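Residues in the sequence shown are numbered consecutively from 63, following the working numbering.
Yeah, the Cβ is synthetic: ideal placement off N, Cα and C, and Gly gets one too.
Only a predicted model underlies this, so the values are computations on that prediction, with no experimental measurement involved.
Comments concern the structure below.
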Amino acid sequence: VQLVESGGGLVQPGGSLRLSCAASGTIFSIYNMGWDRQAPGKQRELAATITSGSTTNYADSLKGRFTISRDNAKNTVYLQMNSLKPEDTAVYYCNADILRIGGRTTYWGQGTQVTVSS
Numbered sequence: 063v064q065l066v067e068s069g070g071g072l073v074q075p076g077g078s079l080r081l082s083c084a085a086s087g088t089i090f091s092i093y094n095m096g097w098d099r100q101a102p103g104k105q106r107e108l109a110a111t112i113t114s115g116s117t118t119n120y121a122d123s124l125k126g127r128f129t130i131s132r133d134n135a136k137n138t139v140y141l142q143m144n145s146l147k148p149e150d151t152a153v154y155y156c157n158a159d160i161l162r163i164g165g166r167t168t169y170w171g172q173g174t175q176v177t178v179s180s
């Protein structure tokens, strides 16, 4: 199983980006999916999660600006990021709780850089 992220880049404050993360491989089912982020010099923190039933959860600092969604047919999770601030600069990592042959495991993407700067 692989998780491949895309959509990161450089954006000005107040701008928007949409991250995507697609899971591939022999997958029976995907349970929770989510995004973490790690800013320079800081610990990794949860950004947002979404259950298989599309119940969402966000870090307090992201509520109202970020939206997590998923397309189960494409095994893909998205993170729409609006009104971006310099403090949103971080490497964003997706994760997915996947059931496959051998059992249920959490997988992680390689990370995508988001830089918010003028």
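Terminal residues of the beta strand (DSSP E) in which residue i lies
| i | result |
| --- | --- |
| residue 122 | Neither: residue 122 is in no beta strand (DSSP E) and is coded neither H nor E. |
| residue 73 | 71 to 73 |
| residue 141 | 138 to 143 |
| residue 106 | Segment: none, residue 106 is in no beta strand (DSSP E) and carries neither H nor E. |
| residue 68 | 64 to 68 |
| residue 175 | 174 to 178 |
| residue 165 | 165 to 170 |
| residue 85 | 79 to 86 |
Residue i - DSSP class collapsed to helix/strand/coil
| i | result |
| --- | --- |
| residue 157 | strand |
| residue 94 | strand |
| residue 101 | coil |
Inter-residue CB distance, residue i and residue j (contact presumed, cutoff 8 angstroms)
| i | j | result |
| --- | --- | --- |
| residue 180 | residue 102 | Not really, about 17 angstroms apart at Cβ, beyond 8 angstroms. |
| residue 128 | residue 140 | 10 angstroms between Cβ atoms; not a contact. |
| residue 130 | residue 170 | Rounded, the Cβ-Cβ distance is 16 angstroms, inconsistent with contact. |
| residue 138 | residue 82 | 6 angstroms |
| residue 100 | residue 153 | 5 angstroms |
Residue closest to residue i, alpha-carbon to alpha-carbon, out of the options
| i | options | result |
| --- | --- | --- |
| residue 178 | 141, 155 and 150 | 150 |
| residue 165 | 137, 88, 144 and 131 | 88 |
| residue 132 | 73, 94 and 143 | 94 |
| residue 84 | 69, 73, 77 and 78 | 69 |
| residue 111 | 142, 163, 174 and 71 | 142 |
| residue 122 | 108, 113, 114 and 135 | 108 |
| residue 134 | 124, 146 and 116 | 116 |
| residue 163 | 73, 79, 78 and 90 | 90 |
| residue 175 | 156, 113 and 118 | 156 |
Residues near residue i by beta carbon distance below 7 angstroms, same chain, minus five either side
| i | result |
| --- | --- |
| residue 147 | 75 and 178 |
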